[in-house]
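Mapping of the sequence shown onto the numbering used here: residues 2 to 142, in sequence order. All residues carry an ideal CB built from backbone N, CA and C; glycine is no exception. Before any comments, here is the structure.
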Amino acid sequence: MLTITRALFDQIVAHARADHPDEACGVVAGPEGSGRPERFIPMLNAARSPTFYEFDSADLLKLYRELDDNDEEPVIIYHSHTATEAYPSRTDVTYANEPGAHYVLVSTADHDEAGPFQFRSFRIVDGVITEEDVKVVEAYR
2 MLTITRALFD
12 QIVAHARADH
22 PDEACGVVAG
32 PEGSGRPERF
42 IPMLNAARSP
52 TFYEFDSADL
62 LKLYRELDDN
72 DEEPVIIYHS
82 HTATEAYPSR
92 TDVTYANEPG
102 AHYVLVSTAD
112 HDEAGPFQFR
122 SFRIVDGVIT
132 EEDVKVVEAY
142 R
C-alpha cells in the first residue's frame, strides 16, 4: 500500500494538470529504507510529448547525486497519461528500474481544472505489474 500525504497527492495532481496536454513526470523522495514519500521533485519531461515521458539525463544525474548526498531514495516515481487510463504502458514497464519504488500514474484524459482524474499506484518488478491501494493521510504519524 502507498501511504501519501494530502499535500503530496495534491502536488502530483496539480503537476499533471499543469503540464497537460504533455505528460508530466517527477519523483517523491524519502529517507533511505523508510518507504515514506516526503520531498516532491517535479521534473521536466524532456520529450515534451502527450504520449511519452523522459527524464532529462543531466537532471536525472543531478537528482541521483542529490538523493545520495541526502541519504534519500526515490519512493514514488510518477507521470501522467493524457489520453489513456492510469495504467502502466509497455514502455512504462520497460523503463521501470526501481523495484522498491511506487509507480504512480495520474490520468488527465478527462482534463479540465476541476474535473475527474485517476490516481493509481503500482509496483513494477521484473516486468510484473501489481496495483496497490493508495491511502491519503493529512500527516504521517
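With contacts defined by Cβ atoms closer than 7 angstroms, V76 and V29 form a contacting pair. Between A87 and Q119, the gap from beta carbon to beta carbon is short of 7 angstroms. Taking the C-beta atoms as reference points, P51 is found no nearer than 7 angstroms to D11. Proximity of the stretch 123-136 to the stretch 35-49 falls short of the contact definition, fewer than three beta-carbon pairs being nearer than 8 angstroms. Annotation for Y104: the continuous beta strand (DSSP E) segment containing it runs H103 to S108. If one requires a minimum length of 3 residues, the beta strand (DSSP E) runs lying completely within the stretch 7-85 are 26-32, 40-44 and 73-82, in chain order.
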